[in-house]
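A short worksheet on the structure shown next.
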Amino acid sequence: MDHRLFTILRVADLDRAKDFFTAIGLDFDPAFTNDDFATMLVGDAQVLLHIPSSFEVVTKKHAVDTATDTEAVFGIFVDSRDEVERIVDRAVAAGGREYSAPWDADFFYQRVFEDPDGHQWEICWVKNTSAG
Numbered sequence: 045m046d047h048r049l050f051t052i053l054r055v056a057d058l059d060r061a062k063d064f065f066t067a068i069g070l071d072f073d074p075a076f077t078n079d080d081f082a083t084m085l086v087g088d089a090q091v092l093l094h095i096p097s098s099f100e101v102v103t104k105k106h107a108v109d110t111a112t113d114t115e116a117v118f119g120i121f122v123d124s125r126d127e128v129e130r131i132v133d134r135a136v137a138a139g140g141r142e143y144s145a146p147w148d149a150d151f152f153y154q155r156v157f158e159d160p161d162g163h164q165w166e167i168c169w170v171k172n173t174s175a176g
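Position one of the sequence shown corresponds to residue 45 (the working numbering), numbered consecutively onward.
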């Protein structure tokens with residue numbers, strides 16, 4: 045059985061979120077995108093970005109306030125340290141903010157940013173491994 049991960053995130057402004065994630069190099073599946081949500085492709089995983097009214101239909105719970113709370117931290121492994129730099133630099137240029145200082149452990153390098161909706165993203169490279 046083939047399993048693929050998907051996650052659902054609440055975003056305040058769908059167009060702004062799509063522009064932001066496109067700027068850092070991610071793609072969207074137009075077949076699974078409409079006025080209420082957009083399906084972002086991250087490797088074999090999918091991240092569904094929902095506007096607040098659509099998100100509330102899915103979860104039936106209150107969303108966390110990402111200004112003060114963290115619902116989860118999302119991570120992406122990439123193939124090189126340079127790719128970590130490129131993605132986070134693009135994220136900051138596109139309206140995100142670097143969340144913490146880079147972590148460099150020689151075999152592992154990570155930078156963390158917050159997207160415009162306050163979701164935290166760890167971009168990580170592990171020496172001698174491939175992201176794929």
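Backbone N, C-alpha and C define an ideal beta-carbon position, used for all residues, glycine too.
Short of 6 angstroms from the beta carbon of R125, and not among the five residues preceding or following it, lie these beta carbons of its own chain, in chain order: Y153, W169.
In the three-state reduction of the DSSP assignment, R134 falls in the helix class, which pools H, G and I. Counting along the chain, E100 sits inside the alpha helix (DSSP H) bounded by residues 96-103.
In terms of Cβ geometry, I120 and V55 do not form a close pair [threshold 8 angstroms]. Annotation for A67: the continuous alpha helix (DSSP H) segment containing it runs 58-67. Judged by their CB atoms, L58 and L93 are nearer to each other than the 8 angstroms cut-off. Each of S98, Q90, R134, Q164 was checked against the Cα of T114, and the nearest Cα belongs to Q164.
Around the beta carbon of P160, 16 or more other beta carbons sit within 10 angstroms, so the residue counts as buried. For V117, the pairing in a beta bridge is given by DSSP as Q164. Contact between A175 and D133 is absent: CB atoms are separated by about 18 angstroms, not below the 8 angstroms threshold. In the same chain as A61, and ignoring 5 residues on each side of it, the C-beta atoms closer than 6 angstroms to its own belong to V55, L93, in chain order.
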